[in-house]
Structures are given as structure tokens and as C-alpha cells.
Amino acid sequence: MRRIVISEFMDEDAVALLRARFDVTYDPRLVDQPERLAAAIAAVPALIVRNRTQVREALLDAAPRLRVIGRLGVGLDNIDITACAERGVRVIPATGANADAVAEYVIAAVLILLRGAYGATARIAAGEWPRTALTGREAQARLLGLVGFGDIARRIVPRAKALGMRIAACDPLVNDHEIRRNGAEPMPLDRLVAEADAVSLHVPLTDTTRKLIDTQRIAAMRRDAVLINTARGGIVDEDALIAALKEGRLGGAALDVFESEPPEEPRRFADVPNLLLTPHIAGVTQESNRRVSLMIAERVATELDRLE
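Each residue of the sequence shown is one higher than the one before, counting from 172 in the working numbering.
And the structure:
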């Protein structure tokens with residue numbers, strides 16, 4: 172009961188803490204080598220993953236002694252929670268540890284997309300002086316719509332208010348009083364999408380939220396509105412978003428997550444105007460990686476101690 176496999180990158184200090192007490196296999200290459208991963212966890216009680224390791228029934232069947240999975244993050248769509256529960260495997264996410272990093276990413280994306288002035292380096296270096304073309308907008312008095320009102324969305328509220336923004340939020344699992352108490356105006360989804368200057372997504376990927384932002388909802392958005400997705404890629408219809416940006420029917424978008432990661436057809440994102448792409452790193456900073464890693468190291472160690 173003293174063995175742990177870590178299949179994706181983890182802060183070295185957290186790995187060292189675990190190695191001081193447990194037999195640890197730390198190999199971030201395992202995420203891309205499913206057969207090696209299955210062999211590595213065959214007799215191991217603990218596995219630590221990020222978002223790329225797919226913990227499905229086949230992998231769980233290969234690890235009959237597995238009792239705990241530490242998730243270096245909060246999204247659990249790469250882990251079959253039902254299958255884990257049926258096998259008595261506890262799943263431990265790093266709830267809250269990277270929320271500030273995501274909140275800062277969202278605010279930065281809103282400012283960059285509204286202002287529209289930060290992609291001119293090559294043009295100026297080439298001798299252009301595109302002042303008129305780069306006259307953007309201020310965040311002050313703009314409406315920021317938060318789709319989903321969990322921990323990350325609530326941390327965005329004070330940051331956005333510090334910029335003078337107005338905040339609206341919708342979440343079927345949060346009552347209006349709770350939304351108001353945390354500084355936002357409750358608003359139905361379709362009204363929020365239609366009225367917001369910036370829409371930021373903070374919902375899990377489920378059958379209900381898949382393609383939540385589809386062709387129809389994108390068409391309902393303001394032509395100068397911007398969309399930020401740091402939640403899960405399948406929530407946005409990527410083809411519909413690309414078409415809207417190319418046709419000038421949407422002001423801009425920032426995607427940190429994709430329907431498949433890495434994208435299966437990355438070239439379709441090339442030359443799309445006012446589109447910011449990042450490789451699922453909204454919640455990954457030096458500070459958050461350390462917080463997430465130390466939290467999971469401590470919680471997995473505690474769980475293994477309890478099982479002995």
C-alpha cells in the first residue's frame with residue numbers, strides 16, 4: 172500500500188514529499204503510453220493524473236489494487252467516476268487550488284479582446300502605424316456574463332468589479348439569492364448571451380452542456396461581444412465559432428480548451444481573426460502548479476495512510 176504512480180507533470184517539491192514516504196514512479200511520458208501505464212499501475216493503490224490520462228474501465232480493470240486517484244486539477248471528465256465508485260476507488264480533485272489562476276486568465280483575456288491592441292508588434296516592426304485600426308474598447312461599464320457560478324466564477328466577480336464591469340450570472344444549481352449575495356445579477360442563459368459584452372464559461376462538460384454555445388447562441392450574441400472558454404472544449408461548437416469570427420459576426424474569442432486535445436485539425440484555427448488560443452493552461456501557473464501538487468500530494472498520502 173506504499174506505491175504511487177504519477178502519469179503527468181507534477182511540481183518537483185510535491186513529488187519529493189511523496190518519495191520521502193512512498194515508492195513513487197514519476198513518469199509524465201506514461202500519459203502517451205497507455206500499455207506502459209496499465210502495466211505500471213497493475214499492483215499500485217494510488218494514481219495521480221492531470222486532464223489527459225483517460226481513466227476508463229479498461230485502465231481500472233488493469234489495476235485491481237487501485238484505491239485512490241489524485242487529480243491535479245478540478246475537471247473530472249477524463250475519469251469514469253461511476254466505474255471508480257463501483258470499484259471502491261476514491262477520486263480526489265484539487266478543488267480551489269488553481270481557481271485564482273483561471274480567474275486572472277479570464278480577466279486578461281477579456282481585456283486583450285476588448286482592447287484589441289496587442290497583436291500589432293509585427294506590423295509596427297514592418298513600418299506600419301495602424302492607430303485607427305487598433306482603437307479598442309474599455310472594460311469599464313461593460314457587462315460580463317458568467318455561465319456557471321462556482322468557485323472560479325465567484326473569484327472573477329471582484330476582479331471584474333475592480334475594472335468597473337457589471338456582472339451577470341446564470342447557473343441552474345445556484346439560486347438567485349446566492350448569485351446576488353456574491354455580487355452578480357441573476358440572468359437567464361439566453362438573455363445573458365444576448366446582452367453581455369463578454370461571456371465566460373464555467374460549467375462542466377455533460378450531456379446537457381455539450382455544444383451549449385452552438386450556432387444559434389453564437390448568432391444571438393452581440394456582434395462585438397467576446398467569448399472566453401476555460402471550462403471544457405465540447406461546450407462550444409468550434410466550427411460555429413470559427414465561422415462567426417471569419418464572417419465578422421462576433422468580436423473575438425479566447426479558447427484554452429478544445430473538443431479534442433491537442434486539436435485533431437489545428438489548421439482550421441489558422442488565420443481566424445480575433446482568436447486567442449492557449450493549450451489548456453488557464454489554471455497552470457508556477458504558483459498554482461505548486462498549490463495543486465502539494466494539495467494532491469497531501470490528500471493522497473492521507474488516504475493511503477487511512478487505508479493501511
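Just so you know, even glycine gets a beta-carbon here, dropped at the ideal spot from N, CA and C.
Got a sec, what are the start and stop residues for the beta strand (DSSP E) residue 400 sits in? Element bounds for residue 400: 397 to 400.
I'd like to confirm something about residue 295: is its beta-carbon nearer than 6 angstroms to some heavy atom of the ligand ZN, or not? The ligand ZN is absent from the structure shown, which contains no ligands of any kind.
What's the call for residue 409, buried or exposed, on a 16-neighbour Cβ count within 10 Å? Within 10 angstroms of the beta-carbon of residue 409 lie 16 or more other beta-carbons, which makes it buried.
Exposed or buried, residue 451, counting other C-beta atoms within 10 Å across all chains shown (16 or more means buried)? Per the 10 Å Cβ criterion, buried.
Just grab the DSSP bridge partners of residue 273 for me. The beta-bridge partner set that DSSP reports for residue 273 is empty.
According to DSSP, residues forming a beta bridge with residue 219: 177 and 241, per the DSSP bridge assignment.
Through-space distance from residue 200 to residue 464, alpha-carbon basis: Roughly 18 angstroms between the two C-alpha positions.
Ignoring anything shorter than 4 residues or poking outside the segment 413 to 470, list the alpha helix (DSSP H) runs there in chain order. Correct list: empty.
Top-ranked residue by Cα proximity to residue 425, from 432, 416 and 431: Ranking the options by Cα distance to residue 425, first place goes to 416.
Let's test the definition: count the other Cβ atoms within 10 Å of the Cβ of residue 264 and tell me whether it reaches 16, buried, or not, exposed. So residue 264 ends up on the buried side.
Hey, out of 218, 449 and 320, whose CA is closest to residue 193's CA? Cα-wise, what sits closest to residue 193 is 218.
Which whole-angstrom value is the C-beta distance of residue 354 and residue 396, which I expect to be below 8 angstroms? Rounded, the Cβ-Cβ distance is 21 angstroms, inconsistent with contact.
Rounded to the nearest angstrom, what separates residue 293 and residue 382 at their Cα positions? About 35 angstroms.
Does residue 194 come out as helix, strand or coil in the three-state DSSP assignment? Residue 194: strand per DSSP, three-state reduction.
Selection from 181, 403, 390 and 255 that minimises the alpha carbon distance to residue 414: The candidate whose alpha carbon is nearest that of residue 414 is 390.
Neighbour-count burial assignment, residue 298, 16 or more Cβ in a 10 Å radius: Counting Cβ neighbours within 10 Å, residue 298 comes out exposed, since fewer than 16 surround it.
Along the chain, where does the beta strand (DSSP E) containing residue 352 start, and where does it finish? Bounds of any beta strand (DSSP E) do not take in residue 352; it lies within the alpha helix (DSSP H) bounded by 347 to 352.
Buried or exposed by the 16-neighbour rule on C-beta atoms within 10 Å, applied to residue 301: Taking every protein chain shown into account, the CB of residue 301 has fewer than 16 other CB atoms within 10 angstroms, so this residue is exposed.
Could you give the residue range of the beta strand (DSSP E) that holds residue 261? 261 to 264 is the span of the beta strand (DSSP E), which, as asked, contains residue 261.
Using 10 angstroms around the beta-carbon of residue 348, count the other beta-carbons present and answer buried if the total reaches 16, otherwise exposed. Exposed is the call here.
For the segment 220 to 238 against the segment 277 to 292, do three or more pairs of beta-carbon atoms, one drawn from each stretch, fall closer than 8 angstroms, so that the two count as touching? Contact between the segment 220 to 238 and the segment 277 to 292 is absent, because fewer than three Cβ pairs lie under 8 angstroms.
Would you report the Cα separation of residue 446 and residue 369, rounded to the nearest angstrom? Spanning the two alpha carbons is a distance of roughly 14 angstroms.
Measuring straight from C-alpha to C-alpha, what distance separates residue 257 and residue 479? When rounded, the distance between both Cα atoms is 21 angstroms.
Cβ shell of residue 254 (< 6 angstroms), same chain only, five flanking positions each side left out: When the five nearest sequence neighbours on each side are left out, the beta carbons in the same chain lying within less than 6 angstroms of the beta carbon of residue 254 are those of 228 and 231, in order along the chain.
Taking residue 327 as part of the beta strand (DSSP E), name the residues at either end of that continuous run. Not the beta strand (DSSP E): residue 327 falls in the alpha helix (DSSP H), residues 322 to 333.
Simplified DSSP assignment, three categories, for residue 343: Coil, per DSSP.
Three or more C-beta pairs under 8 angstroms: does that hold for the segment 433 to 440 against the segment 174 to 194? Cβ pair count under 8 angstroms is below three, so no.
Flag this pair as yes or no: are the beta carbons of residue 338 and residue 345 separated by less than 7 angstroms? At a Cβ-Cβ threshold of 7 angstroms, residue 338 and residue 345 do not count as neighbours.
For residue 356, write down the residues that DSSP places opposite it in a beta bridge. DSSP lists 339 as partners of residue 356.
Would DSSP call residue 211 helix, strand or coil? Annotated three-state conformation of residue 211 is helix, per DSSP.
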